[in-house]
């Protein structure tokens, strides 16, 4: 699964630690999601969508799309 | 949009540190209670039955306290950290089952002369668990 988390975070000038804190996860988890090594659960993806005030599919896309 | 206020108060890290300390304390208490239950009957109270039973009951009770602390620790982790630990646990259980039964078999078919001991299996499972955690962290690094 691809995601735009790193771009969206950079646009807002947030650090991984700040984003991790806002999503209540570890910084390592944010790093793994940004690198595409770990796919977040649906609740975490929705939480990220709410935080960025975007639709979930605007942040996370299926690899085949 | 600023997240500076949230950065000062990292709930996840604080919760994780608290749960880790809690689990460490329960684990130390369990090891001590286990040592007392194992060695005190011989060296302290000369196999007094009542005291030995109390020692074992305390050891089991503290062991369950440790299990509850471990459950709280796991529930406090985020989904990736939890997955790393669950994968390591599954690996440890599988290796323990396969090697444990094979180890037992070695004595049954007279390939080893000594009695297989549970602590050997526990050590294998601990090392496998640690290896699984390290591999999990490297995988998601």
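Residue numbers (the working numbering), protein chains in the order written: chain A, 107 to 171; chain B, 8 to 148.
Glycine residues also receive a C-beta, built at the ideal position from the N, C-alpha and C atoms.
Find the nearest neighbour of residue i within the set the options, judged by alpha-carbon distance.
{"i": "residue 95/B", "options": "33/B, 44/B and 135/B", "result": "135/B"}
{"i": "residue 64/B", "options": "126/B, 103/B, 40/B and 107/B", "result": "40/B"}
{"i": "residue 157/A", "options": "168/A, 127/A and 108/A", "result": "127/A"}
{"i": "residue 32/B", "options": "76/B, 132/B and 42/B", "result": "76/B"}
{"i": "residue 100/B", "options": "139/B, 42/B, 60/B and 52/B", "result": "139/B"}
{"i": "residue 131/A", "options": "78/B, 116/B and 84/B", "result": "84/B"}
{"i": "residue 92/B", "options": "103/B, 80/B and 102/B", "result": "80/B"}
{"i": "residue 136/A", "options": "163/A, 110/A and 159/A", "result": "110/A"}
{"i": "residue 146/A", "options": "130/B, 25/B and 86/B", "result": "86/B"}
How should residue i be labelled, buried or exposed, when 16 other C-beta atoms within 10 angstroms of its C-beta is the threshold for buried?
{"i": "residue 15/B", "result": "Unreliable positioning characterises residue 15/B in this predicted model, as indicated by a pLDDT of 46, which lies under 50. The coordinate reading is nonetheless provided below. Looking at its Cβ environment, which holds fewer than 16 other Cβ atoms inside 10 Å, residue 15/B is exposed."}
{"i": "residue 129/A", "result": "buried"}
{"i": "residue 12/B", "result": "Per-residue confidence for residue 12/B stands at a pLDDT of 48, beneath the threshold of 50, marking its modelled position as unreliable; the derived number appears in the next sentence. Label assigned to residue 12/B: exposed."}
{"i": "residue 139/A", "result": "buried"}
{"i": "residue 69/B", "result": "buried"}
{"i": "residue 50/B", "result": "exposed"}
{"i": "residue 88/B", "result": "buried"}
{"i": "residue 144/A", "result": "buried"}
{"i": "residue 145/B", "result": "exposed"}
{"i": "residue 112/B", "result": "exposed"}
{"i": "residue 148/B", "result": "exposed"}
{"i": "residue 167/A", "result": "exposed"}
{"i": "residue 141/B", "result": "exposed"}
{"i": "residue 120/B", "result": "exposed"}
{"i": "residue 55/B", "result": "exposed"}
{"i": "residue 82/B", "result": "exposed"}
{"i": "residue 17/B", "result": "buried"}
{"i": "residue 124/A", "result": "buried"}
{"i": "residue 149/A", "result": "exposed"}
{"i": "residue 104/B", "result": "exposed"}
{"i": "residue 74/B", "result": "exposed"}
{"i": "residue 28/B", "result": "exposed"}
{"i": "residue 160/A", "result": "exposed"}
{"i": "residue 115/A", "result": "buried"}
Across which residues does DSSP place residue i in a beta bridge pair?
{"i": "residue 108/A", "result": "167/A"}
Give me the chain B residues within the contact set of residue i, using Cβ-Cβ distance strictly less than 9 Å, ordered along the chain.
{"i": "residue 170/A", "result": "Within 9 Å Cβ-Cβ: nothing; residue 170/A doesn't reach chain B, min ~23 Å."}
{"i": "residue 150/A", "result": "85 and 86"}
In chain A, what lies closer than 9 Å to residue i by C-beta?
{"i": "residue 94/B", "result": "Simply none; closest approach about 12 Å."}
{"i": "residue 80/B", "result": "The contacting residues do not exist; residue 80/B stays about 14 Å from chain A at best."}
Against residue i, what residues of chain A qualify as contacts under a CB-to-CB distance less than 7 Å, listed in chain order?
{"i": "residue 136/B", "result": "Chain A residues near residue 136/B: none, gap ~19 Å exceeds 7 Å."}
Checklist entry - When you check each C-beta in the stretch 113 to 126 of chain A against every C-beta of chain B, which residues fall closer than 8 Å? => result 118, 120, 121, 123, 124, 125 and 126
Checklist entry - Of the residues that make up the stretch 128 to 150 of chain A, which ones have a beta carbon closer than 9 Å to any beta carbon in chain B? => result 128, 129, 130, 131, 132, 133, 134, 135, 137, 138, 139, 141, 143, 144, 146, 147, 149 and 150
Next on the checklist: Closer than 8 Å between beta carbons: that is the criterion. Which residues of the stretch 17 to 30 of chain B meet it against chain A?
Outcome noted: 17, 18, 19, 20 and 23
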